[in-house]
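The block underneath contains the structure these notes are about, expressed in structure tokens.
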Amino acid sequence: MRKLKVLLIMVLGLFVLAACQKDEILENADKDYYVAGTITSWGDNYHEFKMEAIKLSDERVKSVKSQLKGVKSLYILEIVLPEEAAGWENTFTIDGAEVTYDGSLAVKVIRTAKDDKDAVDFWAQNKESGEITNLTPDTLFMPKYVEENPDGDGTWADNPFAKEAGTYYLVFAEKGAGLEAVRYMGLIKK
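Residues in the sequence shown are numbered from 1 upward in steps of one, following the numbering used here.
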């Protein structure tokens, strides 16, 4: 009976320890993140769309939290993608059907050096960012990460697109660094 009590106390202790682990803001000390797209006038105005570092426990990312285990940086920004046409569009072949997205629904994440908004590392997704894992395929179209694609479903040079206009939380996260880094992006409908 005494061994059972000790075992129960140890198990309870593990639960308490797990509950007390740090829930800290997952900020990259060396980088800043911005949203870009037609809504930001691309390179002209993205500086006003700086993303905020958040905790993994933030309620706004609850729907994708299980996909973000182990991330070292986690950023978010509320954006509104308008119904109005941008005057340009992209067409992709998805599951054998042509799908056209209006330019007003294009979104990218720009990573820069910390406190130097003009020292751009990449515009995700592109060749320099590496492949981006799509957290929300129901709301976000992410082109394939390839240089050329005769199948028509995009390349790393194409923009990611929201599947419809609306208000979203754009989420971007990173795990690891350099060529080994895993990066995530998603649009969570508000």
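Just so it is clear, CB atoms sit at the ideal spot from N, CA and C, and this is done for glycine as well. The structure displayed is predicted, hence computed values, not measured ones.
Scanning Ala157, Leu105, His47, Ala29 for the CA closest to the CA of aspartate 118 turns up His47.
At least 8 Å separates the beta-carbon of isoleucine 110 from that of methionine 185. When the alpha-carbon of asparagine 28 is set against those of Glu128, Leu170, Ala113, Phe49, the nearest one is in Ala113.
For proline 143 against aspartate 121, the beta-carbon gap comes to about 19 Å, at or over 8 Å, which does not count as contact. Following the DSSP letters along the chain, one finds glycine 186 inside the beta strand (DSSP E) bounded by residues 182-189. For the options Gln125, Ala177, Leu135, Leu170, the alpha carbon positioned closest to that of threonine 155 is the one of Gln125. Taking C-beta separations shorter than 7 Å and ignoring five residues to either side along the sequence, the partners of glutamate 98 in its chain run Thr91, following chain order.
Taking C-beta separations shorter than 8 Å and ignoring five residues to either side along the sequence, the partners of tryptophan 123 in its chain run Ala36, Lys108, Val109, Ile110, Ser129, following chain order. Of the residues Leu140, Thr167, Phe49, Asp115, the one whose Cα lies closest to the Cα of isoleucine 94 is Leu140. In this structure, threonine 167 keeps its C-beta atom at 8 Å or more from the C-beta atom of valine 64.
Membership of lysine 108 in the beta strand (DSSP E) is indicated by the continuous run 107-113.
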